[in-house]
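Protein chains in written order, with our numbering: chain A, 57 to 221; chain B, 45 to 417; chain C, 83 to 377.
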Amino acid sequence: MALGPDFAPPHPLEPAAAAVCLALLDLDTRLWIDGGGDGAEAYLRFHTGAPLADAPDEADFAVIADGAMIPRLDSFSPGTDELPERSATLIVQVAGLESRAGEGVWRLSGPGIDGNADLAVEGLRAGMAEELAVNFQRFPRGVDLILCAGARVAALPRTTKVEAL
Amino acid sequence: MYVAVKGGEKAIDNAHALLAEERRGDTDVPELSLAQIKSQMGLAVDRVMGEGSLYDPDLGALAIKQAMGDLVEAVFLLRAYRTTLPRFAVSTPVDTAAMTIRRRISATFKDLPGGQVLGPTFDYTHRLLDFALAEDRTEGKESAQNTAEGDGAAMAGPMPRVTDLLGREGLVERETGSEAATATDTPAADLTREPLGFPAGRDLRLQNLARADEGFLLALGYSTQRGYGRTHPFAGEIRMGEVAVEIVPEELGFAIEIGDITVTECQMINQFAGSATEPPQFTRGYGLVFGRSERKSMSMALVDRSLRARELGEDIVAPAQDEEFVLYHSDNVEAQGFVQHLKLPHYVDFQSELVLVRALREEAEARRREAAE
Amino acid sequence: MTAPATAQDSGYNFAYLDEQTKRMVRRAILKAVAIPGHQVPFGSREMPLPYGWGTGGIQVTASIIGLADVLKVIDQGADDTTNAVSIRRFFARTAGIATTEKTEDATVIQTRHRIPEMNLRDDQIIVYQVPIPEPLRWLEARETETRKMHGLADYGVMHVKLYEDIAKYGHIETSYDYPVLINGRYLMSPSPIPKFDNPKMHEMGALQLFGAGREKRIYAIPPYTRVESLDFEDHPFQVQTWGAVCAICGDGESFLDEVITDDQGGSMYICSDTDHCGRRVVAGHKGPGGPEEST
Numbered sequence: 057m058a059l060g061p062d063f064a065p066p067h068p069l070e071p072a073a074a075a076v077c078l079a080l081l082d083l084d085t086r087l088w089i090d091g092g093g094d095g096a097e098a099y100l101r102f103h104t105g106a107p108l109a110d111a112p113d114e115a116d117f118a119v120i121a122d123g124a125m126i127p128r129l130d131s132f133s134p135g136t137d138e139l140p141e142r143s144a145t146l147i148v149q150v151a152g153l154e155s156r157a158g159e160g161v162w163r164l165s166g167p168g169i170d171g172n173a174d175l176a177v178e179g180l181r182a183g184m185a186e187e188l189a190v191n192f193q194r195f196p197r198g199v200d201l202i203l204c205a206g207a208r209v210a211a212l213p214r215t216t217k218v219e220a221l
Numbered sequence: 045m046y047v048a049v050k051g052g053e054k055a056i057d058n059a060h061a062l063l064a065e066e067r068r069g070d071t072d073v074p075e076l077s078l079a080q081i082k083s084q085m086g087l088a089v090d091r092v093m094g095e096g097s098l099y100d101p102d103l104g105a106l107a108i109k110q111a112m113g114d115l116v117e118a119v120f121l122l123r124a125y126r127t128t129l130p131r132f133a134v135s136t137p138v139d140t141a142a143m144t145i146r147r148r149i150s151a152t153f154k155d156l157p158g159g160q161v162l163g164p165t166f167d168y169t170h171r172l173l174d175f176a177l178a179e180d181r182t183e184g185k186e187s188a189q190n191t192a193e194g195d196g197a198a199m200a201g202p203m204p205r206v207t208d209l210l211g212r213e214g215l216v217e218r219e220t221g222s223e224a225a226t227a228t229d230t231p232a233a234d235l236t237r238e239p240l241g242f243p244a245g246r247d248l249r250l251q252n253l254a255r256a257d258e259g260f261l262l263a264l265g266y267s268t269q270r271g272y273g274r275t276h277p278f279a280g281e282i283r284m285g286e287v288a289v290e291i292v293p294e295e296l297g298f299a300i301e302i303g304d305i306t307v308t309e310c311q312m313i314n315q316f317a318g319s320a321t322e323p324p325q326f327t328r329g330y331g332l333v334f335g336r337s338e339r340k341s342m343s344m345a346l347v348d349r350s351l352r353a354r355e356l357g358e359d360i361v362a363p364a365q366d367e368e369f370v371l372y373h374s375d376n377v378e379a380q381g382f383v384q385h386l387k388l389p390h391y392v393d394f395q396s397e398l399v400l401v402r403a404l405r406e407e408a409e410a411r412r413r414e415a416a417e
Numbered sequence: 083m084t085a086p087a088t089a090q091d092s093g094y095n096f097a098y099l100d101e102q103t104k105r106m107v108r109r110a111i112l113k114a115v116a117i118p119g120h121q122v123p124f125g126s127r128e129m130p131l132p133y134g135w136g137t138g139g140i141q142v143t144a145s146i147i148g149l150a151d152v153l154k155v156i157d158q159g160a161d162d163t164t165n166a167v168s169i170r171r172f173f174a175r176t177a178g179i180a181t182t183e184k185t186e187d188a189t190v191i192q193t194r195h196r197i198p199e200m201n202l203r204d205d206q207i208i209v210y211q212v213p214i215p216e217p218l219r220w221l222e223a224r225e226t227e228t229r230k231m232h233g234l235a236d237y238g239v240m241h242v243k244l245y246e247d248i249a250k251y252g253h254i255e256t257s258y259d260y261p262v263l264i265n266g267r268y269l270m271s272p273s274p275i276p277k278f279d280n281p282k283m284h285e286m287g288a289l290q291l292f293g294a295g296r297e298k299r300i301y302a303i304p305p306y307t308r309v310e311s312l313d314f315e316d317h318p319f320q321v322q323t324w325g326a327v328c329a330i331c332g333d334g335e336s337f338l339d340e341v342i343t344d345d346q347g348g349s350m351y352i353c354s355d356t357d358h359c360g361r362r363v364v365a366g367h368k369g370p371g372g373p374e375e376s377t
């Protein structure tokens, strides 16, 4: 992601996650923030005007400052079979993202991916691959994830099949 | 031999130049001023503002001038401009009971508090062309002012609405809660921000109808009178005049007036037998539109009442009761665009059909020959 | 035929739409990409061009385009049809971006009724203008009903309709806007492209976005996604063929438009994709009756 050198959101927000928020959030999106602390909340409220949701399942967007602490995926709205777009988008900060093969990486396949792609995700809570598999199974309902690390972004929509290698 | 048609850009420029020339017309005739349109074609301006969903008589006049008097085109111009405007605030509901009345009639009571005020109306004119108007005249202002003193002058002071009077006796249903969208707890829906969904709330329906094509609503309202979803309507009250528009700025916390607008309101009173939970009472249909647009507000009230069929447990048997049918086809900007898009080239689709029809014909011909042999 | 970036009309925001509207459209696009083939309702704005003339495509394009983009606009495959010219000018004026007629140079291609003949790459986006986004609309007029059918993936009515065509005509009688199944789940209207173009949608490299302004829906096919045209084992899907070649470039593989040349039944065929045709002519291909003979 090409971001200006002066773009420095307050801790714990990193540039990629902050940029994604600024591109997508405004007065019309209900936001739920986890582990962001006052700094992230004040920053996002001020710059986007997004109203805060009281609970995860009421949010259009959730910002999870630390992927190691991400709540279970089924605590967010998956939409309905008729209105699957009324589902949450999770912006999740992780410690590292890298396109590489190797042990422990995720093999991704599905729409948007030519064949398959390997992604190494650092610092995400254990058990996420299994929860993502459940999320994949309930299509068309489901949540969509945007993983962010530093200035990197990897999107995992509900159609992406995740296999832990 | 065929030479591919090039130069679309030039053709478009030329079309625009020709249009400008047509618009201006005979240059020996003085050009229309916006003030002239605004003051002498006021009902056209009102219609354009209503269906254009933007209260601005100057821009309405400009749109009519630019559209050469094509009111649907003028509505389109105003809508396209409206969409670029920032949204500063949502007004509080206007209070039509506090209207500065210019016209107020009730078909249900011979007299009532505040009286009947005929106001400026075509109603009792004999539709005889007034050839005196064909002459150029430079009359003064005195005539309009003087005659207005009698019946048509603006009436200040409270003039209770007929439905409020009936409401005191419990004879007409109360508009409450989300039905009336008078409360500020749930913000009224706005179909220019969120797409129409079904079933649509009454707030969304009324917004749709207020912006709807007058001719479409007129025909639908008329159809209910002829038996396609009959609602036994009475024109409880029609009032036209000026109402104040107020907003509550967050930093102030109380309402301030930002201006006056002219509106026409129609409250239809309709029959309803009652139900297990409700005593017999009248139901209502509501119409409210910008400007002096009586025909539109009455049509709107008829169609609003028809669209309440499901809510009131009536069978849905007629077009005017069919929410999807009415709300999806009422907007003339949408309708005129899609009807006229048939002017755009469709030769790829048509070629596809040609190939298919030719193949089908060849096969049919082959079968016919086989059968003959 | 590439026009460089120019100064943007300062009276309006970049690409006409305000930033809040663009965010709303982008959110709809993201959900559309996440649910391939599903129609996402969006708060379609009133545009300064008529509904039915590309307002959905224009809003999608306006929401994704940036200063570095190069835009191509086609209608019926051609860059020079009046409405394509008009939309290209709209963006040149309101966004000041570069435009092109060359498919390979474009980063964003807005189209009405065709997919370019050239394979599109995964650094390109194609935006379709859509009149009626609901593939089931002719079988069920009500939105409340069709939404349920999509929710349940209940597409029996479409199969019945196609089968009745076969029983009646011996063929499926749909030659354009031929329904497709996206990633094995959602039935989708490909917009009124000829069925000739349907196979190009399958596993296409480019992101495919569909905008229906009047009907207020956005939908999408991500790159490399399975797109199947509905058919039956005994009546497999087939595309149109012409027993003819393009009069200008001689191509017998591309989609051909028929041009009536006289009132005695004379006609000729030319490529619908004008850029494809021009590229072939430059490469030395020649048809049986191109413009050369006419001048």
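For each residue, glycine too, the CB sits at the ideal point set by N, CA and C.
Practice task
Give the DSSP-derived three-state secondary structure of Gly113(B) in the structure shown.
Solution key: coil
Problem - Distance, Phe278(C) Cα to Glu186(C) Cα - result: 21 angstroms
Practice task
Compute the beta-carbon to beta-carbon distance between Leu202(C) and Met286(C), rounded to the nearest angstrom, for a pair I have assumed lies under 8 angstroms.
Solution key: 6 angstroms
Problem - Interface positions of the stretch 134-154 of chain A facing chain C (Cβ-Cβ less than 9 angstroms), listed along the chain - result: Gly135, Thr136, Asp137, Glu138, Leu139, Pro140, Glu141, Arg142, Ser143, Thr145
Handout entry: Val206(B) vs Gly280(B) beta-carbon contact at 7 angstroms
Key = yes
Exercise for the section: Report the rounded CA-to-CA distance for Leu153(A) versus Asp204(C), giving the unit in angstroms. Expected result: 22 angstroms
Practice task
To the nearest angstrom, report how far apart Gly303(B) and Ala55(B) are at their CA atoms.
Solution key: 45 angstroms
Practice task
Anything in chain B within Cβ reach of Arg196(C), meaning under 7 angstroms, just list it in chain order.
Solution key: Val392
Exercise for the section: Run through the stretch 233-296 of chain C for me and flag every whole beta strand (DSSP E) of 3 or more residues, listed as ranges in chain order. Expected result: 262-264, 268-270, 289-294
Handout entry: As assigned by DSSP and simplified to three states, the class of Gln378(C)
Key = The structure shown does not extend to residue 378(C), since chain C is modelled only from 83 to 377, so the question has no answer here.
Handout entry: Beta-bridge pairing of Gln192(C) - partner residues as DSSP gives them
Key = Val155(C), Val209(C)
Practice task
Indicate the three-state DSSP secondary structure (helix, strand or coil) for Gly158(B) in the structure shown.
Solution key: coil
Practice task
Please work out which residues of its chain come closer than 8 angstroms, Cβ to Cβ, to Ser135(B), disregarding the five sequence neighbours upstream and downstream, and give them in chain order.
Solution key: Val289, Glu290, Ile291, Ile302
Exercise for the section: Given a cut-off of 7 angstroms, decide if Ala64(A) and Arg86(A) are closer than it, judged by their beta-carbon atoms. Expected result: no
Problem - One or two residues paired with Cys310(B) in a DSSP bridge - result: Ile282(B), Gly331(B)
Practice task
For my contact list, Tyr419(B) and Ala345(B) are in at a C-beta cut-off of 8 angstroms; report their separation, rounded to the angstrom.
Solution key: In this structure chain B extends from 45 to 417, so residue 419(B) is not present and cannot be described.
Practice task
Mind the definition here: the stretch 153-169 of chain C touches the stretch 178-193 of chain C only if three or more C-beta pairs lie below 8 angstroms; say whether that holds.
Solution key: yes
Problem - Near-chain C residues of the stretch 93-109 of chain B - C-beta to any C-beta below 7 angstroms - result: none
Handout entry: Neighbour-count burial assignment, Val364(C), 16 or more Cβ in a 10 Å radius
Key = exposed
Problem - Proximity winner among Arg67(B), Gln110(B), Thr127(B), relative to Gly96(B) (alpha-carbon distances) - result: Thr127(B)
Practice task
Decide if the stretch 117-131 of chain B is in contact with the stretch 93-109 of chain B; the criterion is three or more beta carbon pairs, one per stretch, under 8 angstroms apart.
Solution key: yes
Practice task
Starting from the Cα of Glu213(B), find the closest Cα among Pro323(B), Ala232(B), Ala256(B), Ile145(B) and give me that residue.
Solution key: Pro323(B)
Problem - Within-7 angstroms CB hit, Trp220(C) to chain B - result: no
Practice task
Would you kindly work out how many angstroms separate the C-alpha atoms of Ala151(B) and Ala256(B), rounded to a whole number?
Solution key: 25 angstroms
Handout entry: CB contact flag (Ala133(B), Gly273(B), <7 angstroms)
Key = no
Problem - Where Ser336(C) sits in the DSSP three-state scheme - result: coil
Exercise for the section: Go ahead and pull the three-state DSSP assignment for Phe314(C). Expected result: strand
Problem - Cβ separation of Ile282(B) and Ser341(B), assumed to be a contact under 8 angstroms, to the nearest whole Å - result: 7 angstroms
Handout entry: Backbone secondary structure at Gly152(A) - three-state DSSP
Key = strand
Problem - Distance between Gly148(C) and Gly252(C) (C-alpha atoms, nearest Å) - result: 49 angstroms
Exercise for the section: Output, in sequence order along the chain, the residues in the stretch 129-160 of chain C whose CB is closer than 7 angstroms to any CB in chain B. Expected result: Met129, Pro130, Pro132, Tyr133, Gly134, Trp135, Asp157, Gln158, Gly159
Problem - Spatial distance of Cys204(A) from Ala174(C) (CA atoms) - result: 34 angstroms
Handout entry: Between the CA atoms of Pro277(B) and Phe326(B) - distance to the nearest angstrom
Key = 10 angstroms
Problem - Start-to-end residues for the alpha helix (DSSP H) that takes in Cys204(A) - result: Where Cys204(A) is concerned, there is no enclosing alpha helix (DSSP H), although the beta strand (DSSP E) it sits in stretches over 200-205.
Handout entry: contact_flag[the stretch 379-399 of chain B, the stretch 228-248 of chain C] where n(CB pairs < 8 angstroms) is 3 or more
Key = no
Problem - CB of Val28(B) within 7 angstroms of CB of Leu264(B), strictly - result: Any question about residue 28(B) goes unanswered here, given that chain B covers just 45 to 417.
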